[in-house]
Amino acid sequence: MHIVDGALAVPVLAVGAALTVAGVAIGLKKMDYDHLPQVGVLSAVFFIASYIHLPIGFSSVHLILNGLIGLALGWAAFPALLVALFLQAVFFGFGGFLVLGVNVVNIALPAVLVYYLCGKGISSSSPKVAAVWGAAGGAGAIVLTTVMVAFSLMLSGEAFLLAAKVTFLAHIPVMIVEGFVTAAAVLLIRKVKPEFLNIKESSEYA
Amino acid sequence: MPQFLEHSGTSWKGQKVKHDLSVIDKLDPRLRVIMVTLFAFVTVLSESFWVLSLGVLVGLLLALLAQLNVKRTLRRVIAMDMFMIFLVIMLPFTTPGEALFTVAGLSASIEGFLHALMILLKAHAVVLSLLALVGTLSATTLGHALAHLRVPDKLVHLLLFTVRYLDVIGQEYKRMRRAMQARAFVLRTDMHTWRSIGYLIGMLLVHSLERSERIMDAMKCRGYKGQFYLFDDMALGTHDYRFMALFLPFLCGLIGLNFL
Chain A
83 MHIVDGALAV
93 PVLAVGAALT
103 VAGVAIGLKK
113 MDYDHLPQVG
123 VLSAVFFIAS
133 YIHLPIGFSS
143 VHLILNGLIG
153 LALGWAAFPA
163 LLVALFLQAV
173 FFGFGGFLVL
183 GVNVVNIALP
193 AVLVYYLCGK
203 GISSSSPKVA
213 AVWGAAGGAG
223 AIVLTTVMVA
233 FSLMLSGEAF
243 LLAAKVTFLA
253 HIPVMIVEGF
263 VTAAAVLLIR
273 KVKPEFLNIK
283 ESSEYA
Chain B
-11 MPQFLEHSGT
-1 SWKGQKVKHD
9 LSVIDKLDPR
19 LRVIMVTLFA
29 FVTVLSESFW
39 VLSLGVLVGL
49 LLALLAQLNV
59 KRTLRRVIAM
69 DMFMIFLVIM
79 LPFTTPGEAL
89 FTVAGLSASI
99 EGFLHALMIL
109 LKAHAVVLSL
119 LALVGTLSAT
129 TLGHALAHLR
139 VPDKLVHLLL
149 FTVRYLDVIG
159 QEYKRMRRAM
169 QARAFVLRTD
179 MHTWRSIGYL
189 IGMLLVHSLE
199 RSERIMDAMK
209 CRGYKGQFYL
219 FDDMALGTHD
229 YRFMALFLPF
239 LCGLIGLNFL
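Chains A and B, in that order, are what the protein sequence lines are. According to this note's numbering, the residues represented by the first sequence are 83 to 288, in order. According to this note's numbering, the residues represented by the second sequence are -11 to 248, in order.
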């Protein structure tokens, strides 16, 4: 999912950086100091998720979980993912430095969209309905992210068209796995700690 | 792709990663962050092969000066290459232009080849300098340096919290996976695996969050109210000025080379 430095055109980098600054500003405004630990936990989970490898046939995929992060955090997903991607870039060398803005938008904007689109669905009183919305959120976030990655590549030059298509196809297994995993995680959190997903306790028993 | 080559093969060892103290460590952390930023701008925005080759050389030089662990650095650089390997391989074949060579009926253009080479050079120059100058800082020092550089307080707090939780959650994850392994759980491509991993992540979040709430309460007990105290006064010393005297003219030279 990370794009490296040097691949993208300057206008794409600039737009990505501008969107990230705006998103992070909104996220920071909506996040008060009492929520800092929660945001930090999810930021760390994004980082840890990249070591969780699930086998798919002969190959394996790793989790991204931006859908789950979006469902839990809303706009605060922007600062959370900025911090996680920054740490990955600086200490592990994943992605790059100037593309950080583009990478953050590509992963965090889908998270925020999922929050608005599926947030209501996962607080439904029926666990089945909630699981379906959770799956839609998990898979949807990856679909949106890969589409955005493909777009950032395509906007940087027509020669990237094939690479953009390959990126999308290569991530179809990730979408499926992520959908099932997010649905299961949503179901469990609904039972154990509903306030984490901004679900009021009463709706569970309504 | 073998798993050890993937980026996810590396795991967060936090502050426990040891590296030998070097010349680079004598420099002011703020200066290192600023210099890397400037260097990244100069290399990524440049289109000249001279500038980019020099950039990679300087990246290597910085890595040597910082005495980076060769094995660890190599693994990270290879991991980064994996992100772009397909992009770089496909580029010569998808860019129209004069044919350089032909593979299985597909012609690779010179333009595409040069473009791919440029991406490789830029990415390596940035990643090497980043790992050398900033990657050798401890995460806490980096947070403080950013706070001194007027990065919003909340963001720096978040960074420091995240660094702390990476350790906590990483250990919790390993503990829970071991418990699953003890019950003969094996990862497969099926619903059972995905559901179990989903529950694992859900439980991981719940555990970590409850722990973070306890930490927050404990901090409040000790008078935390969102105020950030920077204990380390960072001051520029002779080393820093010497480094600046070398590095700034060099960056200007790189910018100048673009227009030759």
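Glycine included, every Cβ here is placed at the ideal spot set by N, Cα and C.
{"Asked": "Nearest by alpha-carbon distance to residue 139 of chain B: which of A/161, A/86, A/268, A/267 is it?", "Found": "A/161"}
{"Asked": "Is the region 235 to 251 of chain A close to the region 117 to 135 of chain A, with three or more CB pairs under 8 Å?", "Found": "no"}
{"Asked": "In whole angstroms, what is the alpha-carbon distance linking residue 194 of chain B and residue 174 of chain A?", "Found": "27 Å"}
{"Asked": "Quick check on the burial criterion: 16 or more other C-beta atoms within 10 angstroms. Buried or exposed for residue 68 of chain B?", "Found": "buried"}
{"Asked": "Would you mind stating whether residue 98 of chain A and residue 184 of chain A have Cβ atoms separated by less than 7 Å?", "Found": "yes"}
{"Asked": "So is residue 210 of chain A buried or exposed if we call it buried at 16+ other beta carbons inside 10 Å?", "Found": "exposed"}
{"Asked": "Once you ignore the five residues that flank residue 231 of chain B on each side, which residues in its own chain have a CB closer than 6 Å to its CB?", "Found": "15"}
{"Asked": "On a Cα-Cα basis, can you pick out the residue from A/159, A/190, A/261 that is closest to residue 144 of chain A?", "Found": "A/261"}
{"Asked": "Ignore the nearest five residues each way along the sequence and tell me which others in residue 155 of chain A's own chain have a CB closer than 7 Å to its CB.", "Found": "121, 124, 162"}
{"Asked": "Which residues in chain B sit within 7 Å of residue 161 of chain A, going by Cβ to Cβ distance?", "Found": "143, 146"}
{"Asked": "Mind pulling the chain A residues with CB within less than 9 Å of residue 237 of chain B?", "Found": "Result: empty, since nearest Cβ-Cβ is about 22 Å, beyond 9 Å."}
{"Asked": "Residue 90 of chain B by DSSP, collapsed to three states: which one?", "Found": "strand"}
{"Asked": "Since residue 86 of chain A contacts residue 71 of chain B with CB under 8 Å, what's their CB separation in whole angstroms?", "Found": "6 Å"}
{"Asked": "Say whether the region 170 to 177 of chain B touches the region 180 to 198 of chain A, bearing in mind that this needs 3 or more beta-carbon pairs closer than 8 Å, one atom from each stretch.", "Found": "no"}
{"Asked": "Under 6 Å Cβ to Cβ from residue -11 of chain B, same chain only, skipping five residues before and after it: list those, please.", "Found": "In this predicted model, residue -11 of chain B has a pLDDT of only 37, less than 50, meaning its place in the structure is not dependable; the value taken from the coordinates is given anyway. If we look at residue -11 of chain B and ignore the five residues flanking it on each side, it has no Cβ neighbours."}
{"Asked": "Would you identify the three-state DSSP class for residue 143 of chain A, choosing helix, strand or coil?", "Found": "strand"}
{"Asked": "What residues in the region 107 to 119 of chain A bring their beta carbon closer than 8 Å to a beta carbon of chain B?", "Found": "110, 113, 115, 116, 118, 119"}
{"Asked": "Output needed for residue 94 of chain B: all residues of its chain with C-beta closer than 8 Å, excluding positions within five of it in sequence on either side, in chain order.", "Found": "81"}
{"Asked": "Quick one: what's residue 97 of chain B bridged to in DSSP?", "Found": "B/87"}
{"Asked": "Does any residue of chain B bring its CB to less than 7 Å from the CB of residue 275 of chain A?", "Found": "yes"}
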